[in-house]
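Asks: Each residue of the sequence shown is one higher than the one before, starting from 9 at the first, in the working numbering. All C-beta atoms in this analysis are idealised placements derived from N, C-alpha and C, irrespective of residue type, glycine included.
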Amino acid sequence: MAISPLISLMLDEDEAVAEGKKRLLDVDNPVVLPVDTDIRLIMTSEDVIHSWAMPSLFIKLDAVPGRLNETWTRIPAKYAGTMFYGQCSELCGVNHAYMPIAVKAVTKEEYADWVKTAQEQFASATLPAAVSVASAE
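1) According to DSSP, leucine 77 sits in a beta bridge with which residue or residues?
2) Assign alanine 110 to one of two classes, buried (16 or more other C-beta atoms within 10 Å of its C-beta) or exposed (fewer than that).
3) Could you spell out the range, first to last residue, of the beta strand (DSSP E) harbouring tyrosine 93?
4) Where do the ends of the beta strand (DSSP E) carrying asparagine 113 lie?
5) Any chance the segment 120-132 sits against the segment 83-97, with 3 or more Cβ pairs inside 8 Å?
6) Looking only at C-alpha atoms, which of Thr45, Asn103, Gln95 and Met51 sits nearest to glycine 74?
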């Protein structure tokens, strides 16, 4: 099965500077969220405690292994097209300084278009012909 997970990594410093982006903050795949929508955020961690800190959206939520933590946010419509930045604010390990968070606020229409593209890119799976899937019948 070929599934490509959505992974968000910090841009290389030289690449970010060359493209006029924010050094140590811009990422290759930002989180995309619609404006004028209540957004539920559920966090956990696989390894150590992380802290998803996005002060401009009034969010700071710990991601703890074995636990689900939740909060919510709502981005006003006037911020469509805005990029919000944050970072992991927990001393979580050797790469702590390199865990930026980027959130792109978009209109609901742009979000629907992004979902279609993301489903094709990140949520598609090609099953071998020999694999059968359970049926409710």
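Replies: Inspection of the coordinates gives the following:
1) Note that residue 77 corresponds to asparagine in the displayed sequence, not to leucine. Paired residue(s): Met51.
2) With 16 or more other Cβ atoms within 10 Å, it is buried.
3) 91-96
4) One point to set straight first is that residue 113 is alanine, not asparagine, in the sequence displayed. Its beta strand (DSSP E) spans residues 108-114.
5) no
6) Met51
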